[in-house]
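The opening position of the sequence shown corresponds to residue 21 in my numbering, with each subsequent residue numbered one higher.
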Amino acid sequence: MSHAMQGIFPVVITPFKPDNTIDWDGYARLIDWYIYNGSHGLFAVCQSSEMLFLTLEERRDLAAFTVRHVAGRVPVVASGHISAAMEDQKTELRTIADTGVDAVVLVTNRLAAADEGSDVFRARMDDLLTALPSDMALGLYECPAPYRRLLTDDEVSWCAQSGRFAFLKDVTCDLDDVKRRLTLVAGSPLAINNANAAIAWPAILAGGHGFSGVMNNFHPDLYRWLMDHGRNHPDLAAELDTFLVLSAMSEGMGYPKLAKHYHQRIGTFDCVHSRTIPYDIAEKHWAVDVVLDHIIAGAARFRDRIKAL
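Next up, the structure:
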């Protein structure tokens with residue numbers, strides 16, 4: 021079945037000015053860049069947005085600005101509940117819902133601690149659902165921070181059959197798990213959007229509904245081409261997949277500041293300041309600038325080959 025929140029969904033980064041405030045002009049250009057490069061939708065106010073280091077007002081303003089600037093061109097989803105206390109989470113989620121986003125995204129690790137089971141998860145989920153508008157579309161996000169809480173098969177099935185959830189940003193990083201989840205949600209409105217670049221292409225071939233990984237901050241157009249045309253050009257798709265997987269290994273070199281260096285290079289915004297990564301990535305991650313050179317040059321070569329088809 022068709023899903024409302026499937027396809028290429030970048031996790032949106034937050035550009036800051038040198039004074040640590042949000043660069044709204046740069047953010048507007050970033051939004052336009054995502055859309056111009058083939059994104060089906062945008063996931064704002066997420067871990068890549070540095071939501072753990074944003075005030076509630078900043079999270080609200082990011083979601084609201086995204087909705088206004090996108091102006092209906094693509095769906096906008098947003099999270100932003102980071103608190104431990106459930107009442108605080110309700111306030112956070114209602115605040116995000118009031119910005120007009122197309123879906124509010126629930127972070128699974130906020131619903132149960134690492135040592136708590138499905139009974140706690142379900143009870144807190146039910147509590148949160150009663151606090152949100154019944155007609156509000158919802159998403160799920162297995163955010164890795166502060167810890168990764170993967171949904172059990174029973175939880176995935178319940179969410180799929182509830183009809184309340186439009187997508188799951190899957191962070192299992194395991195192709196067999198993705199395939200099993202696709203079977204669990206078959207016939208439901210719940211899309212499985214893989215977040216791991218290493219399995220992006222095989223997950224798409226297996227019927228995965230979308231890709232919502234961090235490398236959409238570098239080349240969402242190439243992932244879009246894989247989704248739309250890769251099956252018709254298997255040899256080129258296989259080569260592109262290898263490039264995308266190897267490029268994604270750079271994530272450990274100071275992301276999301278790494279992505280900000282990329283966007284500074286291409287002129288999206290000027291400042292690479294990050295609240296999450298306060299250090300100079302060139303000092304800690306040797307030759308990171310050369311790695312970016314190769315990512316940019318390699319992507320350009322694949323774009324030329326795609327244009328020549």
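For glycine and all other residues, C-beta sits at the position ideal for the given N, C-alpha and C.
Source: prediction; values computed, not measured.
Asked, Found
"C-beta atoms of K189 and Y167 nearer than 8 Å", "no"
"Whole-angstrom distance between K327 and R321, CA atom to CA atom", "10 Å"
"CA nearest to the CA of I55, picked from L76, G274 and P30", "P30"
"Where E331 falls, given that 16 or more other Cβ within 10 Å makes a residue buried", "Residue coverage of the chain in this structure runs from 21 to 329, which leaves residue 331 outside it and unanswerable."
"Of the listed residues K110, W53, T119 and D173, nearest to D146 (C-alpha basis)", "K110"
"Best match in T34, C179, A317 and V32 for proximity to P209 [C-alpha to C-alpha]", "C179"
"Residue nearest to M273 in terms of C-alpha spacing, selected from L312, L131, W44 and L246", "L312"
"Cβ-Cβ distance between A165 and L72 below 8 Å", "yes"
"Chain-order list of residues whose beta-carbon lies under 7 Å from that of A257 (same chain, five-residue window excluded)", "W221, L246 and G250"
"C-alpha distance - I28 paired with R93, whole-angstrom precision", "14 Å"
"C-beta contact flag for T115 and L76 at 8 Å", "yes"
"Proximity winner among R144, M156, R49 and D135, relative to A98 (alpha-carbon distances)", "M156"
"Where D241 falls, given that 16 or more other Cβ within 10 Å makes a residue buried", "buried"
"Collapsed DSSP secondary structure at A24 in the structure displayed", "coil"
"Beta-carbon proximity list for Y275, same chain, < 7 Å, skipping 5 on both sides", "V234"
"Same chain, Cβ closer than 7 Å to M21, five either side skipped, listed in chain order", "Here M21 scores only 47 on pLDDT, less than 50, and its place in the model is too uncertain to base an answer on."
"Residue from I316, A104, L131 and A132 whose Cα sits closest to the Cα of S270", "I316"
"Sequence-distant residues of the same chain with beta carbon closer than 8 Å to L126, five excluded per side", "S99, H101, L113, M145, L148, L158, G159, L160 and Y161"
"Beta-carbon proximity of D309 to A319, cut-off 8 Å", "no"
"Neighbourhood of A83 by C-beta, 6 Å cutoff - its chain only, sequence neighbours within 5 removed", "A64, V65, A98, I116, T119 and V121"
"K414 versus A123: straight-line alpha-carbon distance, rounded", "The structure shown does not extend to residue 414, since the chain spans only 21 to 329, so no value can be given for it."
"DSSP beta-bridge partners of V124", "A98 and L158"
"At least 3 beta-carbon pairs within less than 8 Å: the region 127-140 vs the region 38-52", "no"
"Closest by C-alpha distance to H283, when choosing among A24, F36 and M25", "F36"
"Cα-Cα separation, E399 to N236", "This structure cannot speak to residue 399, because the chain is shown only from 21 to 329."
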